[in-house]
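Remarks on the structure that follows.
Residue numbers (this note's numbering): -19 to 695.
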């Protein structure tokens, strides 16, 4: 009698292959999405930082150039020939010499108190009246800087240019040696000065990055920029932001609807000529700024797809190899089922389960064959032994039935015990994992699924190290397993340790792990219990953060300062760039404490700390050491002047009144500045000592000032 082959829609190998391929596909897609989001955000931040840096460079060049013009006028006003104002020829020679050295001075002249030009470079406008010009009227009493304006008297006298003549006026009153008002010295600074600065500083960047540079006045008028926008008013988001912030960057939509990334910086914030507050805007089309990211995105997508295809091919190959022994065993059973008795049942030792199944089936077939041979031997015997054989077979059947009954009862008891144990493990609060000597998972409870993200079906038969051990620790894990199997000694066996386990989503999870083992006939069985200790570690970290934070102000305390200062010095050596340390206290703090009480003193310390944080960059570190002593670590300095500028800014901020609940008080600060140069062998303690001594030098000099650490004040 033949038996038809039982077929199914899909084989075991097909199901396993589909599951593994889907897992690889989902994992690869998730990683590509995460990488795409990260690189997009990183590229945008880098582009905005680059534009902000370009805007700051232009702003710094404008401020420095205006300072030089300010100094030129001050020096020119002190020349004896100018102060005496008697010899127009001598004065004209001085003006011509200065104009020759600084061609951007379109006109230099001196006007008498009645407004008539007494002497001028190249004699231009001499004996003509400038009494109605704003620069002459404003500069009769004090130094005057006039904002951007078109030429009036000089438009037709100066050479013809592609761009119309535009000036920035600089003027100052001239006093004779005996203190008498002699007249007004005036200079018309040509706007080609700003255009030359833009070409010199930013045209290389424009060629490289395709950026647009604009200089905008406070009323929104474009002074320098694209020809279609010059001397027209704009009201972009970046310009509005520059009126509130000294510098920054942002994404905005242009007048034509095109998205741009724009960096901005504000001039004239720390100079004596406060009238010259311009906004420098450096913008770039978002598509151009993100072009590098687009190329990287295409490369990541290509590599990710290639890796995914390779992983799926590898999974397909491994699955076929894994299921091949089962297919061979199934084929042998099907041939025997059709009546082919000479078919041998193969014993497969690829892995434990298939080895157990194949050896059991082979033993059963062998017993069946032996039984048939015995039956044939009995049939060939004598008839008189049939009754005895039948009796013996009857007794054997009874004994066999009894043995089967006992075996069935034992099997039921074993299954009940196994179910009880599985129920306990499935409902345990800790993750339970069991692996064999090869590190393959043979047990995985429900809590392990929830904790690590892998289902029991996915984890079963896979190497534990590849799933939950971080990549950098996998080789050490495998060596520990080999060492224990060889010597019976292990660091983690029967011990409770804290490690990081790797979840399916790639995140590391702190766990407390207890590992034990059971000696079996076929080898060792390792069992592990894992307990999530995320909350425990978070509690430890919060205690550590409290130990490093000043309770009153929320700033890093002295202990945190002693940790951050060596780190900043190490970064200064690596970059290399200078680093500054500001050491300061509050002038008059004790008086506020004594007069209004400690609550007012604490409130003053909190407001002082808030202003201090607002006065420095995010990369700088502000700390409170004790009482009213504060420090600021300034990193990435270009020169000592940068540190002094920050200190002066802090002094200016602290001079504003502090509004307390008890009263409004006025205090100041004394600041000591010490510079750490990577080329010098300066220790942490000596750097702090220099800044501290410089602060006390500031106090001796009258308080409310900044002192730089020198050999005189640190001796």
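Don't be surprised by glycine CBs; every beta carbon is placed ideally from N, CA and C.
Paired residues, beta bridge with residue i - DSSP
i, result
"residue 170", "147"
"residue 696", "A question about residue 696 goes unanswered here, because the residues of the chain that appear run from -19 up to 695."
"residue 499", "504"
"residue 602", "612"
"residue 653", "562, 688"
"residue 85", "169"
"residue 90", "99, 165"
"residue 489", "481"
"residue 696", "With the chain covering -19 to 695 only, the question about residue 696 has no answer from this structure."
"residue 596", "The partner list for residue 596 (beta bridge, DSSP) is empty, contrary to what the question assumes."
"residue 155", "161"
"residue 52", "In the DSSP output, where bridge partners are listed per residue, residue 52 has none listed."
"residue 476", "494"
"residue 567", "648"
Residue i, DSSP secondary structure in three states
i, result
"residue 121", "coil"
"residue 559", "strand"
"residue 684", "coil"
"residue 689", "coil"
"residue 292", "helix"
"residue 8", "helix"
"residue 32", "helix"
"residue 367", "helix"
"residue 194", "strand"
"residue 375", "helix"
"residue -13", "Residue placement at residue -13 is flagged as unreliable, the pLDDT there being 46, under the threshold of 50; a coordinate-derived value is accordingly withheld."
"residue 639", "strand"
"residue 162", "strand"
"residue 481", "strand"
"residue 511", "strand"
"residue 245", "strand"
"residue 542", "helix"
"residue 675", "helix"
"residue 129", "strand"
"residue 530", "coil"
"residue 259", "strand"
"residue 647", "coil"
"residue 60", "helix"
"residue 536", "strand"
"residue 339", "helix"
"residue 45", "helix"
"residue 109", "strand"
"residue 577", "coil"
"residue 67", "coil"
"residue 14", "helix"
"residue 318", "coil"
Neighbourhood of residue i by C-beta distance below 6 Å, restricted to the same chain and skipping five residues each side
i, result
"residue 222", "244, 246, 259"
"residue 630", "595"
"residue 489", "481, 483"
"residue 662", "656"
"residue 688", "653"
Residues of its chain near residue i, where Cβ-Cβ distance is below 8 Å and the 5 sequence neighbours each way are ignored
i, result
"residue 536", "528, 529, 530, 544, 601, 602, 603, 604"
"residue 74", "56, 59, 61, 62"
"residue 155", "63, 161, 162"
"residue 764", "With the chain covering only -19 through 695, there is no way to say anything about residue 764."
"residue 179", "none"
Same chain only: Cβ atoms within 7 Å of residue i, ignoring 5 sequence neighbours per side
i, result
"residue -2", "none"
"residue 335", "328, 329"
"residue 207", "none"
"residue 538", "605, 606"
"residue 211", "201, 202"
"residue 196", "202, 203, 214, 219, 258, 259, 261"
"residue 339", "327"
"residue 593", "602"
* Ordered list of alpha helix (DSSP H) runs contained in the segment 199 to 233, each at least 4 residues -> Segments of the alpha helix (DSSP H) lying fully in the segment 199 to 233: 217 to 222.
* Asked: Can you list, in chain order, the stretches of the alpha helix (DSSP H) that have 4 or more residues and sit fully within the segment 395 to 472?
  -> 426 to 432, 436 to 439, 444 to 448, 451 to 467
* Within the chosen definition, does the segment 571 to 582 reach the segment 634 to 645 through at least 3 CB pairs nearer than 8 Å? -> yes
* Using 8 Å as the threshold, is the segment 553 to 572 in touch with the segment 655 to 662, meaning 3 or more CB pairs across them? -> yes
* Please determine if the segment 13 to 26 and the segment 115 to 126 are in contact, where contact requires at least 3 C-beta pairs separated by less than 8 Å. => no
* Three CB pairs or more closer than 8 Å across the segment 103 to 110 and the segment 198 to 211 -> no
* Cβ contact (3+ pairs, closer than 8 Å) linking the segment 490 to 497 and the segment 466 to 477 -> yes
* Check whether the segment 26 to 43 touches the segment 507 to 523, taking contact to mean three or more Cβ pairs, one atom from each stretch, closer than 8 Å. => no
* Asked: At a cut of 8 Å, does the segment 380 to 392 reach the segment 417 to 431 through at least three beta carbon pairs?
  -> no
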